[in-house]
Amino acid sequence: MSWVEAIGGDRHALRYAALNDTSWTEPRTVARGPDWFVNWADVPSLQPLPSGRLAAHYLRSAGPDPLAYAVQIAQTDEAEAWQSAVTPHDDGTATEHGFVSLLPWPDDRLLAVWLDGRKMKGREGHGGEMTLRGAVLDSSGAVEQRALLDDRTCECCPTTAVRTGPEALVAYRDRSEDEVRNIQLVRFDGQSWSEPVLLHDDGWQIAGCPVNGPALAAQGDRVAAAWYTAPEGMPRVKVALSTDGGRQFGPPVVVAEGTPTGRVDVVLLEDGRAAVGWVGKADTTAALRVQAVGDQGTTGTPALMSRLPSAARGVGMPRLVRSEGTLYAAWTRPEEGVQMGRLSVAALR
């Protein structure tokens, strides 16, 4: 687990620890500094690599504008020491760069995808176009294969990325000229990026960013996509499954309707079902719920991972992972810090 920790004054640190059954290892530090951009939605990440190295990203302020910040990517060397961070974007503008997805890539490299606001420079508010960009980093931090993936996206919805065989699949929230904000997919084969493809036409027209990105999970050619949408003011959490590496998805299944706040995550279970997590309600209180969805659109009864103090920003963006027969979730609780919950996969009927 990784988290941002205040360490005095205006200084912050990105720290991490590992869970061994019931106890945590001593926390280690990726980086620390006085000029970080710390936000409830645009959060840092830690990514284990197949070689045993680690990669991480965090955000550093890049000017007086509170929405001007740069992506910092750090990697460990063979001695497990953290190298100096590098910036994958080379535009040099004091604009928003964040909502990063990191993915292990062949030859001990790292694929990074992020939202890039360089075209918004000099515009008031969010009047310009946010873009989606990507790059590949080698083990020394050298950046190559920078690319523009989409020239108009939603401004502040998290991105997500998975490996499907030799390719990468990325999902993000698009933004059309008439403010329809559907989920789009792009693919990377190691040499070039595909054109964006619509995941599903929800027809959600909204003149502002909902701060609710999609989630992907993959095992071989099997892919699950989960997302939040609210056309005509009706909130829904949906999931769709693919058996061909995300080239085609089955009809979306609604797992929650009417009350969800969203902030979804998804994992695949050993039996092929997808487990979808979201912030919603249990009775009259806020809660983190999980539900399994099968190939034919079959759904079980939503399970309660944890009750939450509220569905407000203070719980952050809950994360869901699976280790063998147990699901683990992490979120934040105001004034108390990082929280973790467990749920047996057997509870997902």
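Residue numbers (our numbering): 1 to 349.
Beta carbons: idealized from backbone N, C-alpha and C, even for Gly.
Mapping DSSP to helix, strand and coil, what is residue i?
i: Gly233; result: helix
i: Arg118; result: helix
i: Ala347; result: helix
i: Arg28; result: strand
i: Arg53; result: coil
i: Val315; result: helix
i: His89; result: coil
i: Leu242; result: The residue asked about is misnamed: residue 242 is Ser in this sequence, not Leu. If DSSP states are grouped into helix, strand and coil, Ser242 belongs with the strands.
i: Trp193; result: strand
i: Ser139; result: coil
i: Gln291; result: strand
i: Pro210; result: coil
i: Met1; result: coil
i: Trp278; result: strand
i: Val162; result: strand
i: Glu96; result: strand
i: Glu270; result: coil
i: Glu257; result: strand
i: Val38; result: coil
i: Leu308; result: coil
i: His126; result: The predicted position of His126 is uncertain, since its pLDDT is 49 and thus under 50; a value taken from the coordinates is nonetheless stated next. In the structure shown, His126 sits in coil (DSSP, three-state: anything other than H, G, I, E or B).
i: Arg426; result: The shown model of the chain, from 1 to 349, leaves out residue 426, and the question about it has no answer.
i: Asp201; result: coil
i: Gln296; result: coil
i: Gly8; result: coil
i: Asp21; result: coil
Would you check if the distance between the CB atom of residue i and the CB atom of residue j is smaller than 8 Å?
i: Thr301; j: Gly280; result: no
i: Trp114; j: Val71; result: yes
i: Met340; j: Ala329; result: yes
i: Asp35; j: Ser51; result: no
i: Thr153; j: Met120; result: no
i: Gly277; j: Leu288; result: yes
i: Gln145; j: Leu102; result: no
i: Val38; j: Tyr16; result: no
i: Asp108; j: Leu49; result: yes
i: Pro134; j: Leu149; result: As written in the sequence, residue 134 is Gly, which differs from the Pro given in the question. A contact, by the Cβ cut-off of 8 Å.
i: Thr87; j: Ala68; result: no
i: Gly246; j: Thr164; result: yes
i: Ala286; j: Leu308; result: yes
Can you tell me which residues form a DSSP beta bridge with residue i?
i: Ser45; result: His57
i: Trp105; result: Arg109
i: Phe188; result: Ala168, Trp193
i: Leu132; result: Leu115, Asp150
i: Val338; result: Thr332
Taking residue i as part of the beta strand (DSSP E), name the residues at either end of that continuous run.
i: Glu144; result: 143–153
i: Ala70; result: 69–75
i: Thr332; result: 326–333
i: Val180; result: Unbroken run through Val180: none, as it is neither H nor E.
i: Glu167; result: 167–173
i: Leu14; result: 12–16
i: Gln83; result: Taken as a continuous stretch (DSSP letters only), Gln83 belongs to no beta strand (DSSP E), as it is neither H nor E.
Report yes or no: do three or more beta-carbon pairs, one from the segment 198–218 and one from the segment 179–190, lie closer than 8 Å? yes
contact_flag[the segment 46–60, the segment 73–88] where n(CB pairs < 8 Å) is 3 or more: yes
If contact is defined by three or more beta carbon pairs under 8 Å, each pair taking one atom from either stretch, is the segment 233–251 in contact with the segment 318–327? no
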